[in-house]
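Letter 114 of the sequence shown, counting from 1, is numbered 1100 in our numbering, and no numbers are missing. Idealized CB from N, CA, C, for every residue including glycine. Encoded as structure tokens, the structure appears first; notes follow it.
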Amino acid sequence: MSVLGVGVDIVFLPDFAKAMKKREFMKRVFSAKEIRFCKSRAFPLQHFAARFAAKEATFKALGKPSSYLNIEIAKSASGKPSIAFLPPRQTGHPACQISLAHVKDYALAFVICTKQ
């Protein structure tokens, strides 16, 4: 296994809240599944911001831009976050590990992508 890249991103929630108010921002950045999950949480903005940071960190790790909607951040039953590339393929996508954090005014994501 070899590392393709590492990415990190931090989001300042007051600024992100302004972006979220822009028309169609959510639909351009988040899948329906991500929107449902974040809206179900006690502090949705933190969860949206962490997922946005994760997508940005993934772009940085892979060194190439993609559409926000081609990356979906999910959460397993155990609570571990994961990255799914859309549309799903059998091969061609890197394996990426992700860590998310959020506290008060900040959300952070760290991503490591490797060759499968």
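_When Val997, Ala1047 and Thr1044 are compared against Ala1087, the one with the closest alpha-carbon_ = Against the sequence shown, residue 1087 aligns to sequence position 101. For the options Val997, Ala1047 and Thr1044, the alpha carbon positioned closest to that of Ala1087 is the one of Val997.
*Kindly list the residues whose CB is nearer than 7 Å to the CB of Ala1039, restricted to its own chain and excluding five residues on each side of it in sequence; keep chain order.*
Your numbering for residue 1039 matches position 53 in the sequence shown. The beta carbon of Ala1039 lies closer than 7 Å to those of Asp995, Ile996, Val997, Ala1093, Leu1094 and Ala1095 in the same chain, with the five residues before and after it left out.
*When you compare only the Cα positions, how much space is there between Pro1030 and Thr1044?*
Translated into the one-based positions of the sequence shown, residue 1030 becomes position 44. Translated into the one-based positions of the sequence shown, residue 1044 becomes position 58. The straight-line gap separating the alpha-carbon atoms of Pro1030 and Thr1044 is approximately 21 Å.
*With DSSP as the reference, label Phe998 as helix, strand or coil.*
Working through the sequence shown from its first residue, we reach residue 998 at position 12. It is a strand residue.
_Only counting the same chain, and skipping five residues up and downstream in sequence, which positions put a Cβ closer than 6 Å to that of Phe1002?_
Here residue 1002 corresponds to residue number 16 of the sequence shown, with the count starting at 1. Spatial neighbours of Phe1002 in its own chain (CB-CB distance under 6 Å, excluding positions within 5 residues in sequence) are listed in chain order as Ala1035.
*asked:* What would DSSP say about Ala1060, mapped onto helix, strand or coil?
replied: In the sequence shown, residue 1060 corresponds to position 74, counting from 1. Here Ala1060 carries a strand assignment [DSSP, helix/strand/coil].
*Look at the Cβ atom of Cys1024, then the Cβ atom of Arg1009, and state whether they are nearer than 8 Å.*
Sequence index remark: in the sequence shown, residue 1024 carries index 38 (1-based). Sequence index remark: in the sequence shown, residue 1009 carries index 23 (1-based). Their beta carbons are not under 8 Å apart, which means Cys1024 does not touch Arg1009 by this criterion.
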